[in-house]
Amino acid sequence: MGAEGAVKSLYGSENNSIALTEQDFETSVVHPFLKVYVYKGGWQEVTDILSLRLDFKSSSIHGIVAASLDMEIDDSNRRYHPLSGTSYADYFVFRRKVKVYVGLKKDLDDDGIAETSYTWPYFIGYITDVRHEKTPSGRVVSVKALDYCDLLGNYKMGDMAYWGNSTMISLTGAVEYSLPTECTGVFKCFLDGEEFKDWTYNDETNVLAITKDGVTGNLTVHYFVRENIVDVLRDILLQAGVIASGSDLIYEDPGKYVDRVWFDEGTSAYDAITLITQITNFRFWFDGDGKPHFASVPALGVPVFGFNESKNIEAATIEISDKEFYNGVEVIGEERKREQYYRKEVVLGSVSGSLDAETVTREHSFVFANYGKLRYELNVGNANGLTSELEETSTGAKITVTHNPEYSHEDSEILLGQVSGQLGVLSNTEQKQVLSHVPATKRRLEIDESTNKYGLTTSLNPKDYWNTEISVSHDPLRNLSSVVQDIGSATGNASVNGSEIIVPYTPGKLFGNVKWNAEYDDGWGPEQLTGSGSWTLNWYETRYVTIWLNQDHQGQHRWEGTKPNPYPPEQIRVAGGVKEIPPNSYAYYTVYSKSKGKLTSWIAHGYVPNSGVTVSNPIIDDSGSYITVKFLVRNTTASTQYLYWDVYATTIPITFNITPIGAGDNYVRFKLSIEGDNGFSCPRSWPRTFTINVYSRRKPYNVKVAQTFENGQEARFIARCDFGTPQVTITCQGQEAIPRDYTIRVYGYKLIPRDYYLTLYGREIVSEKSEKVYAFKKLTTAEIQQTGGPKFLTIKNHLIQSQAEAESIAQSLLDHYRNVANVFKLTVTCPPPLEVGDTVSVIGTY
Numbered sequence: 001m002g003a004e005g006a007v008k009s010l011y012g013s014e015n016n017s018i019a020l021t022e023q024d025f026e027t028s029v030v031h032p033f034l035k036v037y038v039y040k041g042g043w044q045e046v047t048d049i050l051s052l053r054l055d056f057k058s059s060s061i062h063g064i065v066a067a068s069l070d071m072e073i074d075d076s077n078r079r080y081h082p083l084s085g086t087s088y089a090d091y092f093v094f095r096r097k098v099k100v101y102v103g104l105k106k107d108l109d110d111d112g113i114a115e116t117s118y119t120w121p122y123f124i125g126y127i128t129d130v131r132h133e134k135t136p137s138g139r140v141v142s143v144k145a146l147d148y149c150d151l152l153g154n155y156k157m158g159d160m161a162y163w164g165n166s167t168m169i170s171l172t173g174a175v176e177y178s179l180p181t182e183c184t185g186v187f188k189c190f191l192d193g194e195e196f197k198d199w200t201y202n203d204e205t206n207v208l209a210i211t212k213d214g215v216t217g218n219l220t221v222h223y224f225v226r227e228n229i230v231d232v233l234r235d236i237l238l239q240a241g242v243i244a245s246g247s248d249l250i251y252e253d254p255g256k257y258v259d260r261v262w263f264d265e266g267t268s269a270y271d272a273i274t275l276i277t278q279i280t281n282f283r284f285w286f287d288g289d290g291k292p293h294f295a296s297v298p299a300l301g302v303p304v305f306g307f308n309e310s311k312n313i314e315a316a317t318i319e320i321s322d323k324e325f326y327n328g329v330e331v332i333g334e335e336r337k338r339e340q341y342y343r344k345e346v347v348l349g350s351v352s353g354s355l356d357a358e359t360v361t362r363e364h365s366f367v368f369a370n371y372g373k374l375r376y377e378l379n380v381g382n383a384n385g386l387t388s389e390l391e392e393t394s395t396g397a398k399i400t401v402t403h404n405p406e407y408s409h410e411d412s413e414i415l416l417g418q419v420s421g422q423l424g425v426l427s428n429t430e431q432k433q434v435l436s437h438v439p440a441t442k443r444r445l446e447i448d449e450s451t452n453k454y455g456l457t458t459s460l461n462p463k464d465y466w467n468t469e470i471s472v473s474h475d476p477l478r479n480l481s482s483v484v485q486d487i488g489s490a491t492g493n494a495s496v497n498g499s500e501i502i503v504p505y506t507p508g509k510l511f512g513n514v515k516w517n518a519e520y521d522d523g524w525g526p527e528q529l530t531g532s533g534s535w536t537l538n539w540y541e542t543r544y545v546t547i548w549l550n551q552d553h554q555g556q557h558r559w560e561g562t563k564p565n566p567y568p569p570e571q572i573r574v575a576g577g578v579k580e581i582p583p584n585s586y587a588y589y590t591v592y593s594k595s596k597g598k599l600t601s602w603i604a605h606g607y608v609p610n611s612g613v614t615v616s617n618p619i620i621d622d623s624g625s626y627i628t629v630k631f632l633v634r635n636t637t638a639s640t641q642y643l644y645w646d647v648y649a650t651t652i653p654i655t656f657n658i659t660p661i662g663a664g665d666n667y668v669r670f671k672l673s674i675e676g677d678n679g680f681s682c683p684r685s686w687p688r689t690f691t692i693n694v695y696s697r698r699k700p701y702n703v704k705v706a707q708t709f710e711n712g713q714e715a716r717f718i719a720r721c722d723f724g725t726p727q728v729t730i731t732c733q734g735q736e737a738i739p740r741d742y743t744i745r746v747y748g749y750k751l752i753p754r755d756y757y758l759t760l761y762g763r764e765i766v767s768e769k770s771e772k773v774y775a776f777k778k779l780t781t782a783e784i785q786q787t788g789g790p791k792f793l794t795i796k797n798h799l800i801q802s803q804a805e806a807e808s809i810a811q812s813l814l815d816h817y818r819n820v821a822n823v824f825k826l827t828v829t830c831p832p833p834l835e836v837g838d839t840v841s842v843i844g845t846y
């Protein structure tokens, strides 16, 4: 920085023997001059500069002043093109260093020639963009470069970007571990080399609390220490590689210390330095030699240089913009949170007690505050049937111990007592008795051997631990006399649909093991004529006749019938005729050829009444279903002769038949037929008469008797039959039910008291604690409305770690941004050697 009210060295970087004056920068005498160098094996000067523009941008928000360079180089000689093949072809390549000196030349020997150069380094950085253009006016190389602030934007923080130290702690399962006194917070922890997150930091006691139970191993704790912000800035610049040594930083020490310095992984060095400038209200920039500067924003002071419209200003522009106008500032600073955790376990109280059959539950109250993760131990000899419950209360906790007395008893069973009584037959068949005894459990009944157990039902109902109800009931029908006796008889009739017959027993008594016997007619009835009929039958006729019986339900049918006598076989003339025989012939002549039918014993006769004709014996062929009769005739005469012939056959016998073909309960069917029909009309007289008489017997009634009910005092039956209403007599026999004497003993296990000892444990609660640094400053509502409505600036900076600091920064920024800034831009022939923070004066007219 220059001294108060003066620019830096006016002798130039050339260290001339004569210093410049303000008049040397006036338009009428100034001779602007600049030098540009690129670094290629050393600084190489570039002499073909057409134009050059340097831009310095800054803001109170981020506090970093960054410079950029735009220049055009004449390449009419084509030496800078990458394909030129010259030694200049790689002058302007990506990331090559470039340095700019700006100044003027002065005529020191008054010869009219400005031959002595005065320059100052204004820019150093890296080329970021190069463009080779061919235009109508020539070939031009356009170059853009950024100063070292660009390097800050490219460098990203790692996952361990914090400022502090580390310590090794051997975890033994405890909760809290003390940290070094220099510790101001914990950044990260690693358990046996792996990141460990089950922890929280208690800033009130400077301890690390493990929030997971039972953790052991070697824990590396990376913790924060209070850091001078200049040291942090220096470390960032070294890590980003923009300085080679910490001494390269030119700074004012703001005396600012931060308790916890860290940056998220991926945060750029540029953003980190921005946060630093915000908490110090300092500016950061690189000078023309590449040296980083960190200095406060100076107040308006004595001008180090004066610009005058009539002397050294070529053009002036005033820009009015709300780009950096805000009527409210919100500052969000550090947010810290201590998770709730529990300190090591301690005994909160202990108590002893006893439970028995009368006292089955006890409550024990413990008074304390701010303890959690409560647990208790219940020491008792016999834990069977014992339950306990812990309940937190407004004054501490309550433990309820409850037991089931049945699980606390002696090991051996004892006789608790017995009951006796007699159960009746028709009444008093069920009794209940209550037996009082010592408190007991697992009670059971035992029936005395003298008691008939058959049909006896017993149950045990514990009324309480001191009284047991015994229920006794029996089935009287299973306690019977040994004498079997007749107990009742009744007569009724069976029916097809069933008829009920009720047999009452001897009144006033109950009988069991009842057996019964039914008597009824179960045979066939006497044979009798139940039907007859007479029918006639014509020749060739067959008849089917039905005789309907005069009674139903008949069986074992027998019949008697009369029929015509049979006809014996007889010979009959079947055919006859005359056959013409031609003269002088000798041949066979068939005279008859027909179906044989049912005739047998065929014969034939033939003759010619002329001696000149010879007739052979008949030739009869009956091998098939037809019969053929032939004669061999020799006619030696000259005239026609006549053969006279006859054919005879014997008929089969003719019989008359009566054939039964079916019968039912009330009918019999017959077939009336003639056997031996010869196919010819019968010469005898017709019709013929048939007569049939049918005899049958009544079927058995098929009586079935089924018992439907029996209650020891009567029995009921259903008597069914296939037909009719036959009489049925039922007789019952049984054994009389008698009263039952009983004796029942009760056994159980005697209950004993249950003693216990109770201990309550707990861990002190360290409550959750959240701290957030936050400040919001704004203009009045009226002022905000006058400026077009709310326009608020939000600053997020975790390096702001106190409320007072947040309030101060918010107010300072609001004071700075509450007014619309006027940006004054000057175009001068040659800029003087100014630095960031210098005060200048401007004289001109509007």
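Using my numbering, the first residue of the sequence shown is number 1, and each one after it goes up by one. Idealized CB from N, CA, C, for every residue including glycine. Since this is a predicted model, take the numbers as computed values, not measurements.
Item	Value
Just the Cα atoms here: how many angstroms apart are serine 245 and proline 292?	11 Å
Give the single residue among Glu133, Gln44 and Val130 whose Cα lies nearest to the Cα of glutamine 99.	A small correction: the amino acid at residue 99 is lysine; glutamine does not occupy that position in the sequence shown. Closest option to lysine 99, Cα to Cα, is Gln44.
Return yes when the Cβ of isoleucine 73 is within less than 7 Å of the Cβ of aspartate 107, no when it is not.	no
Determine whether the beta carbon atoms of proline 504 and glycine 492 lie at a separation below 7 Å.	no
Check the DSSP bridge columns for threonine 655 and list the partner residues they point to.	Glu675
Under a three-way DSSP split, which group does serine 639 fall into?	coil
Taking all protein chains shown into account, do 16 or more other C-beta atoms lie within 10 angstroms of the C-beta of methionine 157, making it buried, or fewer, making it exposed?	buried
Which value, in whole angstroms, describes the spacing of the CA atoms of valine 230 and glutamine 803?	22 Å
Lysine 704 to leucine 426, Cα distance in whole Å?	33 Å
In this structure, does DSSP put valine 232 in helix, strand or coil?	helix
Could you round the C-beta distance between glutamate 319 and lysine 825 to whole angstroms and report it? I think they count as a contact, below 8 Å.	7 Å
Of the residues Gly844, Thr21 and Thr729, which one's Cα is nearest the Cα of glutamate 500?	Thr729
I'd like to know if the segment 138–157 and the segment 167–187 are in contact, where contact means that at least 3 CB-CB pairs between them fall below 8 Å.	no
Along the beta strand (DSSP E) that carries aspartate 741, what are the first and last residues, could you check?	740–750
DSSP on glutamine 801, reduced to helix/strand/coil?	coil
Can you grab the Cα-Cα spacing for the pair glycine 185 / tryptophan 285, in whole Å?	31 Å
Write down the C-beta distance between isoleucine 752 and serine 354 rounded to the nearest angstrom, noting that I regard them as a contact closer than 8 Å.	Not really, about 11 Å apart at Cβ, beyond 8 Å.
Could you tell me whether the Cβ atoms of glutamate 345 and arginine 763 are closer together than 7 Å?	yes
Near asparagine 370, what residues of its chain come up, given a Cβ to Cβ distance below 7 Å and the 5 sequence neighbours on each side ignored?	Glu764 and Ile765
Closer than 8 Å is the cut-off here; do at least three beta carbon pairs connect the segment 472–488 with the segment 447–457?	yes
Below 8 Å, how does it come out for the segment 618–626 and the segment 537–556: are there three or more Cβ pairs, yes or no?	no
If contact is defined by three or more beta carbon pairs under 8 Å, each pair taking one atom from either stretch, is the segment 643–650 in contact with the segment 659–674?	no
Taking the DSSP output, what are the residues bridged to lysine 144?	Asp70 and Asp129
Using the Cα positions of serine 625 and lysine 594, report the straight-line distance between them to the nearest angstrom.	9 Å
If we ignore side chains and look at the alpha-carbon of each, how far apart do valine 38 and aspartate 75 end up?	16 Å
Which residue from Leu151, Val836 and Val30 puts its Cα closest to that of alanine 114?	Val30
Closest by CA to proline 462, which one among Glu449, Arg443 and Ser450?	Arg443
Quick check: the Cα distance between tyrosine 544 and asparagine 550, rounded to an integer number of angstroms?	20 Å
Buried or exposed, going by whether 16 or more other CB atoms sit within 10 Å of the CB of valine 668?	buried
Just curious, the beta strand (DSSP E) that glycine 533 is in, first and last residue?	528–537
Does the segment 324–335 come close enough to the segment 764–781 to have 3 or more Cβ pairs within less than 8 Å?	yes
Going by DSSP, which residues form a beta bridge with valine 38?	Gln44 and Val98
Excluding sequence positions up to five away, which residues of its chain have a Cβ less than 6 Å from the Cβ of glutamate 50?	Note on identity: in this sequence residue 50 is leucine, with glutamate being the wrong assignment. Excluding positions up to five away in sequence, the list reads Glu72 and Asp74.
Spatial neighbours of leucine 171 within its chain, please: C-beta separation below 8 Å, excluding the five flanking residues on both sides.	Tyr177, Leu191, Ile210, Val215, Thr216, Gly217, Asn218 and Leu219
What would DSSP say about tyrosine 223, mapped onto helix, strand or coil?	strand
Tell me whether leucine 529 is buried or exposed, calling it buried when 16 or more other Cβ atoms sit within 10 Å of its Cβ.	exposed
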